[in-house]
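Sequence lines, in order, name chains X and W.
Residue numbering for the first sequence follows our numbering, beginning at 390 and increasing consecutively.
Residue numbering for the second sequence follows our numbering, beginning at 390 and increasing consecutively.
There are 2 protein chains.
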Amino acid sequence: MAVRELLTKIGDKWTILVILSLDLLGGRARFSELERAVPGISQRMLSSTLKNLDRDGLVIRELFPEVPPRVEYEITALGKSLLRPTQGLVDWAKANWEQVREAQSKHDAR
Amino acid sequence: MAVRELLTKIGDKWTILVILSLDLLGGRARFSELERAVPGISQRMLSSTLKNLDRDGLVIRELFPEVPPRVEYEITALGKSLLRPTQGLVDWAKANWEQVREAQSKHDAR
DNA sequence: TTCATAACTTACCTCGACGTAAGCGACTGA
DNA sequence: TCAGTCGCTTACGTCGAGGTAAGTTATGAA
Chain X
390 MAVRELLTKI GDKWTILVIL SLDLLGGRAR FSELERAVPG ISQRMLSSTL
440 KNLDRDGLVI RELFPEVPPR VEYEITALGK SLLRPTQGLV DWAKANWEQV
490 REAQSKHDAR
Chain W
390 MAVRELLTKI GDKWTILVIL SLDLLGGRAR FSELERAVPG ISQRMLSSTL
440 KNLDRDGLVI RELFPEVPPR VEYEITALGK SLLRPTQGLV DWAKANWEQV
490 REAQSKHDAR
């Protein structure tokens, strides 16, 4: 089932944060910009997350052979289209997370 | 950010499959029914997944003290509301997964 | 008195996600 | 000659998700 694969991908720790940040940055940004835009991410994880996104066709990597090197990442149409259902989840979380919290508290109280 | 927590939850291997299956079964089902409805899941994982869903208020667990025991799980309104954005992801995967596959193939070919 | 039943729990193990820290390559400016 | 810059990669260690298999509980049926 493709849904499972999709959820495995976007369910990891950084993927969604990176795509959302890239979108917020105007759809195109350098490695170091993303590093700053996603607080707490390490270079290792940002690099591997972007590599996966690139492989999946959700972003495009463009290397400018300068020194020091410049690399820009751009969100693709496919990547942008994923933002819509993602936003649905974001909205759900905003609207209902408090209720989940309460359920947890009640449950743990017993 | 609550979205991260939400994604961690539903991004695991079984949660979404269990909720979707429970819904397909009419919103209410026994442990063994779910076991059959979610192929490949072990009792251990089904048990812990349901425990989490219960704690989060997405399903309700009802125990009938018979022998052998009967336990029924019912999806809550909160749980049902989560199905909507989830369906958005399902639809996206259905519509776009082929494209992701192609991107991967092209990428790997190089 | 042994068996089967439903719904678990427990013990044990593996494997990969993730974190941290350091190194690297090619060039520029001081 | 040396440090600084950017975008990485490599090495190493931890931790927890998840798999497998077996045990548990109470009772009625054979």
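Idealized CB from N, CA, C, for every residue including glycine.
- One Cα belongs to Trp486 (chain X), the other to Thr475 (chain W), and the distance between them is close to 15 angstroms.
- Per DSSP, the beta-bridge partners of Leu452 (chain W) are W:Val460.
- For the stretch 394 to 414 of chain W, the residues whose beta carbon sits under 8 angstroms from a beta carbon of chain X are, in order, Glu394, Leu395, Leu396, Thr397, Ile399, Gly400, Asp401, Lys402, Ile405 and Leu406.
- Residues of the same chain with a CB within less than 8 angstroms of the CB of Pro458 (chain X), apart from the 5 flanking positions on each side, are Leu452 in chain order.
- Taken through DSSP and simplified to helix, strand or coil, Arg425 (chain X) comes out as helix.
- Look at Gly468 (chain W): its C-beta is not under 8 angstroms from any C-beta on chain X.
- Taken through DSSP and simplified to helix, strand or coil, Arg433 (chain W) comes out as helix.
- The three-state secondary structure of Arg490 (chain W), taken from DSSP, is helix.
- DSSP, reduced to helix, strand and coil, places Arg393 (chain W) within a helical segment of the structure shown.
- The alpha-carbon of Lys402 (chain W) is positioned some 11 angstroms away from that of Asp401 (chain X).
- Contact of Gly446 (chain X) with chain W by beta-carbon distance below 7 angstroms involves Gln488, Val489 and Ala492.
- Judged by beta-carbon spacing, Val448 (chain X) lies within the 8 angstroms limit of Glu463 (chain X), meaning their Cβ atoms are closer than that value.
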